[in-house]
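Using the working numbering, the first residue of the sequence shown is number 48, and each one after it goes up by one.
Heads up, the beta-carbon is just placed ideally off N, CA and C, and yes, glycines get one too.
Keep in mind the model is a prediction, meaning the values are calculated, not measured.
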Amino acid sequence: MQTVSSYGVELRKQNIPLRQTLGIYRSAVCYLTEVYGKVWEELSVIPDAKRRFNVADHLVHTTKKNSARFDFDLRFPKMPSYLRRSAIQHALGTVSSYETRMELWEKEGKRAGKPRLVYENHAMPVFYRGVMYRDMEYLRKNWYGEKASAPTLEKKHRKYFLRFSYTKEVTLTKTPVKNQVVCSVDLGINTDAVCTIMRPDGTVLGRKFINFPSEKDRMYRTLGRIRKFQREHGPAQAGGRWAYTKRLNTELGRKIAGAVAAYAEENHADVIVFEYLEMQGKISGKNKQKLHLWRKREIQKRCGHQAHRKGIRVSRVCAWNTSRLAYDGSGQVLRDPKNHSLCTFQTGKRYNCDLSAAYNIGARYFIRELLKPLPATERSLLEAKVPSVKRRTSCTYADLRELRLQMEVLKAA
């Protein structure tokens, strides 16, 4: 499997004329886009992308043959070759995308809005070693020997960064299900994540509550200031405050994903199991704002990327009733109205609801993986002895223990 990771390094030198460089580079991209749009018929017949780029590069230089159509060298004298090649590549991609969209628009009967060729864009140049940067200590230490692409200039939060991309070939674990160790994760709002390390027989090797209360408190205080500001000045002027809150929320998601992946690696987990969270419809209630700020998909995506870099697989199970059903199979739980993280089982037992859900998530993964490779007759026999495993939406941790027991009995017989 191939993974691509990127890192942004801030440019702190004040003597680099980045604004002037960006202005010249974008003017060059705009000019080349207009020119290549006029001669695209000549370029489109060249099937090889590398040869097409070389032809486009030769057209740029003023000669007797093309001086009537091209004056790039006169408009942008002594432009560095690395900036020129980057501008050519960007312009060719823009024109190619436009022509493709035009063909689709014509095939669809010209129903939607007609595509247009965009000349003014926010193109960013690509820089190369020895021209713009030296080896940075962190990247040199952690990514030495890995395949790296040329860095791209990036402007973010009124600062300039060089974005480095690294491609790495990784081999994901191929441990059989009967020997796997999984890290089941229940993502929540009150507690950021609850992780459980589990084996196929239901043995729990470890549990961890991941929470960043100070980060959430800072974000909620910022939201309170936004509400007060909007009451006094209206929502139109609160854009900057919302942007700051969004950055705090994004950073919180990164920390949660990193903590989950680190805990799974620490316990030598083969698979990280999440719920397949799909919230549809209108969100209402007192936790409306918290649910809107809940970055569940981004956390899973970031955690999956970090897990793949370490050779750990990622899987998802049905999220229905994981928190509603008690892990011991006693039925539905009753949530505590004052402390939503706690619940009461039908037996009267008080337990953490998120931890119970983490048990059920890991159990559903093993139930699915244990039953999937079995022959139909053997699977039907086990489902007859443990009827609850027929429906994944009702599987609990107790069902996994019972299923494993029946599998051992069937194997002994």
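Of the residues the options, which one's Cα is nearest the Cα of residue i?
| i | options | result |
| --- | --- | --- |
| residue 313 | 396, 136 and 242 | 242 |
| residue 346 | 359, 399, 373 and 308 | 308 |
| residue 264 | 226, 446, 108 and 296 | 296 |
| residue 194 | 53, 338, 380 and 155 | 53 |
| residue 189 | 213, 438, 88 and 173 | 213 |
| residue 301 | 352, 459, 433 and 395 | 352 |
| residue 91 | 56, 130, 342 and 147 | 147 |
| residue 216 | 356, 130, 310 and 426 | 356 |
| residue 261 | 276, 229 and 298 | 298 |
| residue 68 | 398, 174, 277 and 274 | 174 |
| residue 48 | 152, 218 and 87 | 218 |
| residue 399 | 411, 416 and 381 | 381 |
| residue 142 | 86, 226, 337 and 342 | 86 |
| residue 36 | 292, 80 and 385 | Beyond the ends of the chain as shown, which are 48 and 460, falls residue 36; an answer cannot be given. |
| residue 366 | 349, 343 and 157 | 343 |
| residue 349 | 306, 334, 338 and 340 | 306 |
| residue 340 | 89, 266 and 88 | 266 |
| residue 421 | 454, 158, 394 and 55 | 454 |
| residue 197 | 396, 101 and 55 | 55 |
| residue 123 | 65, 434 and 70 | 70 |
Short check: CB of residue i to CB of residue j, under 8 Å?
| i | j | result |
| --- | --- | --- |
| residue 211 | residue 201 | no |
| residue 75 | residue 149 | no |
| residue 238 | residue 259 | no |
| residue 431 | residue 375 | no |
| residue 268 | residue 288 | no |
| residue 247 | residue 392 | no |
| residue 404 | residue 377 | no |
| residue 138 | residue 83 | yes |
| residue 408 | residue 322 | yes |
| residue 253 | residue 244 | yes |
| residue 77 | residue 145 | no |
| residue 358 | residue 222 | no |
| residue 401 | residue 233 | yes |
| residue 108 | residue 120 | yes |
| residue 354 | residue 303 | no |
| residue 372 | residue 443 | yes |
| residue 418 | residue 436 | yes |
| residue 45 | residue 57 | With the chain covering 48 to 460 only, the question about residue 45 has no answer from this structure. |
| residue 164 | residue 72 | no |
| residue 438 | residue 411 | no |
| residue 230 | residue 291 | no |
| residue 429 | residue 336 | no |
| residue 368 | residue 441 | yes |
| residue 416 | residue 224 | yes |
Between which two residues does the alpha helix (DSSP H) holding residue i run?
| i | result |
| --- | --- |
| residue 400 | 400–418 |
| residue 421 | Counting along the chain, residue 421 falls outside any alpha helix (DSSP H), and DSSP gives it neither H nor E. |
| residue 15 | The structure shown does not extend to residue 15, since the chain is modelled only from 48 to 460, so the question has no answer here. |
| residue 119 | 119–122 |
| residue 106 | 96–107 |
| residue 451 | 444–459 |
In the DSSP assignment, find the beta strand (DSSP E) that holds residue i and state where it starts and stops.
| i | result |
| --- | --- |
| residue 245 | 240–245 |
| residue 255 | 251–257 |
| residue 233 | 229–234 |
| residue 389 | 389–391 |
Could you tell me which uninterrupted alpha helix (DSSP H) segments, each at least 4 residues in length, are contained entirely in the region 280–366, listed from first to last along the chain? Runs found: 286–313, 335–340 and 343–356.
Please give me, in chain order, every unbroken run of the beta strand (DSSP E) with length at least 3 that falls completely inside the region 196–222. Complete beta strand (DSSP E) runs here, min 3: 199–203 and 206–216.
Inter-stretch contact (C-beta, 8 Å, three-pair minimum) for the region 185–201 and the region 89–104: Taking a cut-off of 8 Å for Cβ pairs, the region 185–201 and the region 89–104 do not touch, as fewer than three such pairs fall below it.
Check whether the region 280–297 and the region 439–450 are in contact - that is, three or more C-beta pairs closer than 8 Å. In short, these stretches do not touch, since the Cβ pair count stays below three.
For the region 318–327 against the region 355–364, do three or more pairs of beta-carbon atoms, one drawn from each stretch, fall closer than 8 Å, so that the two count as touching? In the pairwise beta carbon analysis, the region 318–327 is classified as touching the region 355–364: at least three pairs are separated by under 8 Å.
Report yes or no: do three or more beta-carbon pairs, one from the region 164–172 and one from the region 133–148, lie closer than 8 Å? By the criterion of at least three beta-carbon pairs nearer than 8 Å, the region 164–172 is in contact with the region 133–148.
Hey, which unbroken runs of the alpha helix (DSSP H) at 4 residues or more fall wholly within the region 51–86? Uninterrupted alpha helix (DSSP H) stretches at least 4 residues long and entirely within the region 51–86 occur at 65–85, given in chain order.
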